[in-house]
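Heads up: the structure comes next, in structure tokens.
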Amino acid sequence: MKTATIIDLIVDSDVYTQSMNHIIKQQHISQRMRRRLRNEGIITVNDEPATWNTLVHGGDHLVMKLTPEQEFSLCPMDLDILYEDEHILVINKAAGVLMHPTSTVRDHTLANGVLYYYQETHQHYDFHPVHRLDKDTSGIVIIAKTSVVQHAFDKKHTPFYKTYDAIVEGKLPAVPLTINWPIGRKPGSIIERCCTNEGKPARTDISIVDHNTYISSNSEQHFTHVQCLLHTGRTHQIRVHVSQLGYPLAGDDLYGGHLDYIQRQALHAARVSFHHPMTNEWLELSADMPQDMKDLIQ
7 MKTATIIDLI VDSDVYTQSM NHIIKQQHIS QRMRRRLRNE GIITVNDEPA TWNTLVHGGD
67 HLVMKLTPEQ EFSLCPMDLD ILYEDEHILV INKAAGVLMH PTSTVRDHTL ANGVLYYYQE
127 THQHYDFHPV HRLDKDTSGI VIIAKTSVVQ HAFDKKHTPF YKTYDAIVEG KLPAVPLTIN
187 WPIGRKPGSI IERCCTNEGK PARTDISIVD HNTYISSNSE QHFTHVQCLL HTGRTHQIRV
247 HVSQLGYPLA GDDLYGGHLD YIQRQALHAA RVSFHHPMTN EWLELSADMP QDMKDLIQ
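Take the sequence shown: its position 36, counting from 1, is numbered 42 in this note's numbering, and each next residue is one higher.
Encoded structure:
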């Protein structure tokens with residue numbers, strides 16, 4: 007059965023004899039994960055089997071592994087990798103790709119493709135998305151290679167600066183906008199969200215990039231290319247805010263858009279910047295707008 011490496015480290019040489027539990031607590035590991043490691047972990051010290059009660063010394067090589075809680079099949083996928091190191095993998099996700107398997111879709115999700123990539127490159131990691139994108143939203147997703155790294159993002163409250171390219175229907179006035187409308191579930195729906203005073207705070211800054219009139223053989227449609235900076239990360243936040251504004255995303259038929267010009271919501275996670283939680287390096291990454299969105303504004 008496949009196992010995932012949770013910890014692989016050389017204990018600092020100046021460390022005196024310490025308990026396994028003390029070493030683990032220093033690695034930004036959640037209490038839940040520590041319980042799993044204690045009860046189910048495969049532990050070695052200097053390549054020799056060890057237990058939770060084994061004492062660890064400076065210079066020791068400590069490895070801890072766990073059987074994944076859920077195993078996914080492996081599927082070849084053409085991954086557009088923007089950045090990779092031993093801790094994270096950043097991918098420009100194509101539209102139409104689910105983040106991970108569901109009860110009805112088991113294969114050809116991003117998780118299946120990433121795990122196949124790990125196997126082909128001899129990396130013993132699992133799939134730990136730091137954030138998610140809707141199936142039909144394209145763009146940047148950050149994947150932690152271990153649960154330790156994923157927990158570090160949460161524990162350090164790593165702030166992300168995420169900017170989306172979006173194309174809305176209609177000619178939006180060329181002035182910057184800040185939308186501060188709370189978002190919650192739409193009554194009677196498990197999928198749709200809406201602006202409601204009972205929802206959670208949600209802020210989106212919108213700036214206008216360009217306007218375009220798309221002319222086909224029998225009609226014309228005005229589109230506005232906007233950039234959206236998210237200050238919160240509510241489900242469907244941009245889709246709900248621009249729809250409530252009266253300018254739904256092109257192709258977003260769930261929130262009032264039309265499928266006449268593009269077959270999915272015209273939304274792309276274009277830029278992200280953040281401090282790497284393990285190295286503290288400042289990263290700024292970008293992904294070009296896909297062709298189906300470019301066609302609406304060229």
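We put the beta carbon where it would ideally sit given N, CA and C, even for glycine. Just so it is clear, the structure is predicted and the values come from calculations on it, not from any experiment.
Residue state for GLN227 is assigned as strand, using DSSP reduced to three classes.
Inter-residue distance for GLN233 and ASP216 is about 10 Å (C-alpha atoms, whole angstroms). Non-local C-beta neighbours of PRO296 in its own chain, meaning closer than 7 Å and more than five positions away in sequence, comprise ALA101, SER144 and HIS274, ordered along the chain. ASN98 counts as buried, since at least 16 other C-beta atoms from the protein chains shown sit within 10 angstroms of its C-beta.
Unbroken alpha helix (DSSP H) runs of no fewer than 4 residues, entirely contained in the segment 118 to 179, are found at 153 to 161, following chain order.
Spatial neighbours of ALA272 in its own chain (CB-CB distance under 7 Å, excluding positions within 5 residues in sequence) are listed in chain order as ALA172, ILE173, LEU255, ALA256, GLY257, MET299 and LEU302. By the Cβ criterion, the segment 228 to 246 is in contact with the segment 192 to 201, since at least three pairs of Cβ atoms, one from each stretch, lie closer than 8 Å.
DSSP places ARG191 in no alpha helix (DSSP H) but in the uninterrupted beta strand (DSSP E) bounded by 189 to 191. For ASP14, the closest C-alpha among the options GLN33, GLN24 and THR23 is that of GLN33. In the structure shown, the three-state DSSP call for ASN27 is helix.
Burial is judged here by how many other beta carbons sit within 10 angstroms of a residue's own beta carbon; PRO283 has at least 16 and is buried.
Between TRP58 and the set SER79, THR73, LEU80 and ILE29, the nearest pair of CA atoms involves ILE29.
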